[in-house]
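Q: Heads up, the sequence shown is in my numbering, so the first residue is 3 and it goes up one at a time. Encoded as structure tokens, here's the structure I'll be asking about.
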Amino acid sequence: MGNGGRSGLQQGKGNVDGVAATPTAASASCQYRCIECNQEAKELYRDYNHGVLKITICKSCQKPVDKYIEYDPVIILINAILCKAQAYRHILFNTQINIHGKLCIFCLLCEAYLRWWQLQDSNQNTAPDDLIRYAKEWDFYRMFAVAALEQTAYFIGIFTFLWVERPMTAKKKPNFILLLKALLLSSYGKLLLIPAVIWEHDYTPLCLKLIKVFVLTSNFQAIRVTLNINRKLSFLAMVSGLLLESIMVYFFQSMEWDVGSDCAIYKSQDF
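The structure is reproduced here in structure tokens:
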């Protein structure tokens with residue numbers, strides 16, 4: 003999820019007299035953030051001779067700008083799973099992660115596989131083997147497309163609400179590119195869909211609902227941290243996304259493209 007510990011230190015070095023110059027954040031697009039108060043910072047730490055490091059203190063809150071640069075990645079991941087705002091700020095602002103696209107595709111594959119698996123489990127087909135294999139392959143592609151379109155509708159609903167509301171409370175419009183990356187990263191909980199299917203048991207439907215709640219909670223925290231807005235606006239933005247996703251789900255059901263309300267788990271009416 004994030005690059006913690008000493009492996010992530012290379013991106014936050016500052017300049018000190020008598021020490022070789024190291025890069026700092028030079029523009030607003032690459033400014034670091036204090037994980038406690040969300041204020042911008044030019045550096046995360048300073049590197050003295052012989053590997054002696056000193057974490058930068060935030061001028062606003064007088065706390066370390068980013069304490070997680072000395073933490074093990076496992077600890078950072080645990081804090082992110084617990085939806086701590088500090089961990090989210092560390093991952094989103096103070097690390098360089100470029101796995102958004104790959105993670106999105108993999109999560110969609112997991113969701114498509116779950117829907118496809120539930121569809122095959124509910125169908126009893128007596129067609130020839132070759133026809134069955136072709137139909138099953140097409141069903142998987144269809145489930146992937148449906149999952150991708152529903153997620154797109156969810157994101158568009160969030161962006162639309164923030165675009166309409168945000169200018170009323172702030173001088174600048176939200177950074178949708180950064181928000182999109184945050185939403186993609188915070189959807190990592192969908193990876194749990196595959197273990198839930200593999201370890202099938204009587205409580206699988208409950209597990210799937212808990213996974214959905216976890217993903218939505220992570221998305222909620224990502225919106226709040228990325229845009230530095232209050233919980234109410236974050237919640238309303240997420241609800242707007244779910245409403246638009248509901249419309250998309252209803253459309254697919256009316257066209258009989260989806261697996262049906264008994265199989266698909268990411269339905270807003272089940273939320």
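Virtual Cβ for every residue (Gly too), placed ideally from N, Cα, C. What you are looking at is a predicted structure, and each value in this text was computed from that prediction instead of being measured.
1) Can you tell which of C39, E38, C60, I99 has its C-alpha closest to the C-alpha of E45?
2) Using only CA atoms, which one of Q64, L229, E113 lies nearest to V279?
3) Return the residue from the list A43, N51, L245 that minimises the CA-CA distance to A155.
4) Would you report the Cα separation of F254 and L151, rounded to the nearest angstrom?
5) If contacts are defined as beta-carbon pairs under 8 Å, then S188 and S236 qualify, I think. What distance do you get, rounded to the angstrom?
6) Do L180 and T228 count as a contact pair if the criterion is CB distance below 8 Å?
7) What separation, rounded to the nearest whole angstrom, lies between the Cα atoms of F142 and W118?
8) Can you find the residues in the same chain that come closer than 7 Å, C-beta to C-beta, to M257, ignoring five residues on each side of it along the sequence?
9) Under the three-state reduction of DSSP, which class applies to E45: helix, strand or coil?
10) Mind checking whether A198 and I213 have CB atoms under 8 Å apart?
11) Using the C-alpha atoms, what's the distance from K138 back to Q120?
12) Given this structure, state the Cα-to-Cα distance separating I71 from K65, to the nearest angstrom.
13) Determine the contact status of I280 and I101, defining contact as a CB-CB distance below 8 Å.
14) Taking all protein chains shown into account, do 16 or more other C-beta atoms lie within 10 angstroms of the C-beta of D74, making it buried, or fewer, making it exposed?
15) Based on the DSSP secondary-structure assignment, which residues constitute the bridge partners of T35?
16) How is the beta strand (DSSP E) around I101 delimited, first residue to last?
17) I need the boundaries of the alpha helix (DSSP H) containing I213, first residue and last residue.
18) Nearest to Y190 by CA position, among E247, L208, C85, G243, is which residue?
19) Taking 8 Å as the threshold (C-beta atoms), are I160 and M250 in contact?
20) Go ahead and pull the three-state DSSP assignment for L84.
21) Check K183 in the structure and name its three-state DSSP category.
22) CA-CA distance, K192 and V54?
23) Among the candidates N40, V76, C36, P207, whose CA atom is the shortest distance from the CA of I231?
24) Just to confirm the assignment, what range does the alpha helix (DSSP H) spanning K234 have?
A: In brief:
1) The candidate whose alpha carbon is nearest that of E45 is C60.
2) Lying outside 3 to 273, the shown extent of the chain, residue 279 is not represented and no answer is given.
3) L245 is the residue among A43, N51, L245 whose C-alpha sits nearest the C-alpha of A155.
4) Straight through space, the alpha carbons of L151 and F254 are spaced by roughly 10 Å.
5) About 12 Å; that fails the 8 Å criterion.
6) The criterion of a C-beta distance shorter than 8 Å is satisfied by T228 and L180.
7) Each residue's alpha carbon lies about 5 Å from the other.
8) Correct list: empty, nothing qualifies.
9) The three-state reading of DSSP puts E45 in coil, since its state is none of H, G, I, E or B.
10) Going by C-beta atoms, A198 is nearer than 8 Å to I213.
11) About 12 Å.
12) Their backbone Cα atoms lie some 14 Å apart in a straight line.
13) As displayed, the chain neither begins before 3 nor continues past 273, which places residue 280 out of reach and without an answer.
14) When all chains shown are included, D74 counts as exposed.
15) The question names Thr, yet the displayed sequence has Arg at residue 35. According to DSSP, which records beta bridges pairwise, R35 is partnered with E42.
16) That residue, I101, is in no beta strand (DSSP E); it is neither H nor E in DSSP.
17) DSSP places I213 in the uninterrupted alpha helix (DSSP H) bounded by 206-229.
18) For the residues E247, L208, C85, G243, the minimum Cα distance to Y190 belongs to C85.
19) Going by beta carbons, M250 and I160 fall outside the 8 Å limit.
20) Looking at L84 - three-state DSSP - the assignment turns out to be coil, as it is neither helix nor strand.
21) Residue state, collapsed to three classes: helix.
22) When rounded, the distance between both Cα atoms is 40 Å.
23) For I231, the nearest C-alpha among the options comes from N40.
24) Per DSSP, the unbroken alpha helix (DSSP H) holding K234 starts and ends at 233-256.
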